[in-house]
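**Q**
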Amino acid sequence: MTSKREHLTTPNNQAPVLMHSCCAPCAAELMEAMVESKIPYSIFFYNPNIHPKKEYEIRKQENIRFAQKHNIDFIDADYDTDNWFERTKGQEYEPERGKRCTTCFDMRFERTALYAHEHGFPVITSSLGISRWKNMDQINDCGIRSAKPYESLTYWTYNWRKKGGAARMYTISKEENFYQQEYCGCVYSLRDTNLWRKKTNRKTIRFGEAFYS
3 MTSKREHLTT PNNQAPVLMH SCCAPCAAEL MEAMVESKIP YSIFFYNPNI HPKKEYEIRK
63 QENIRFAQKH NIDFIDADYD TDNWFERTKG QEYEPERGKR CTTCFDMRFE RTALYAHEHG
123 FPVITSSLGI SRWKNMDQIN DCGIRSAKPY ESLTYWTYNW RKKGGAARMY TISKEENFYQ
183 QEYCGCVYSL RDTNLWRKKT NRKTIRFGEA FYS
């Protein structure tokens, strides 16, 4: 593990935490930070936005491997793709960080919050916020909204990027030789990324080939 992390405390010092994970590279810093701060937690993997299935399995299996390395409970939720496409219908051409992303975050956090409520987790958080490609306010708004129906549940809005968190994310990714994702995960992001690459004479995305090391 890397060092020089601050000691973390959860909202109201409550635990365990249910951490929604989008992928191993984004989750790794959160995982190691909570281990160092001796915060009990479990990982909740619910990402029906990730397509195609090959990409989904690469990201999930890598996250499972890293969780097993640290003896962390990994909860593998449904690959609920039909529901995701239904909820994002009409938003196919929304820009990154736009309405479709809000819908996507809402869907994933709602399921996380429900599981937390049903299984005794008083706090939820997500690895999504550590990425510089995401709007942290947008993510936090969705997380807070998902927890609101449950009186005993809190969404932890900690800024995982600060105090070297984002830099450590890349350090861990290189040390672990994590798979390097080249788009957020959904088919619309894949479409738009490849369109941009073609216009700029770059190679289109090839699944399972790019790694951090």
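In terms of our numbering, the sequence shown opens at residue 3 and continues consecutively.
Beta carbons: idealized from backbone N, C-alpha and C, even for Gly.
Since the structure is predicted, the reported quantities are computational estimates derived from the model, not experimental observations.
Residue range of the alpha helix (DSSP H) that Thr114 falls in?
**A** Here residue 114 refers to the residue found at position 112 when the sequence shown is read from its first residue. It spans Lys101 to His121 - the alpha helix (DSSP H) in which Thr114 sits, taken as one unbroken run.
**Q** Are Asp78 and Phe47 close, meaning C-beta to C-beta below 8 angstroms?
**A** Taking the first residue of the sequence shown as position 1, residue 78 is located at position 76. Taking the first residue of the sequence shown as position 1, residue 47 is located at position 45. Taking 8 angstroms as the Cβ cut-off, Asp78 and Phe47 qualify as a contacting pair.
**Q** Which of the three DSSP states, helix, strand or coil, is assigned to Thr127?
**A** On the sequence shown, position 125 is the one that residue 127 refers to. Three-state result, Thr127: strand.
**Q** Just mark Trp86 as buried or exposed, buried being the case when its beta carbon has 16 or more other beta carbons within 10 Å.
**A** What you label residue 86 is simply residue 84 of the sequence shown in a count that begins at 1. It counts as buried.
**Q** Quick one: what does DSSP say Phe68 is sitting in, helix, strand or coil?
**A** Here residue 68 refers to the residue found at position 66 when the sequence shown is read from its first residue. It is helical.
**Q** Which word fits Gly100, buried or exposed, when buried means at least 16 other C-beta atoms lie within 10 angstroms of its C-beta?
**A** Taking the first residue of the sequence shown as 1, we reach residue 100 at position 98. Result: exposed.
**Q** Rounded to a whole number of angstroms, what is the C-alpha to C-alpha distance between Trp198 and Glu112?
**A** Within the sequence shown, residue 198 is the residue found at index 196, counting from 1. Within the sequence shown, residue 112 is the residue found at index 110, counting from 1. Answer to the nearest angstrom: the Cα atoms are 32 angstroms apart.
**Q** Taking C-beta to C-beta, are Ser129 and Met36 nearer than 8 angstroms?
**A** The count along the sequence shown starts at 1 and reaches residue 129 at position 127. The count along the sequence shown starts at 1 and reaches residue 36 at position 34. Against a cut-off of 8 angstroms, the Cβ pair of Met36 and Ser129 comes out as no contact.
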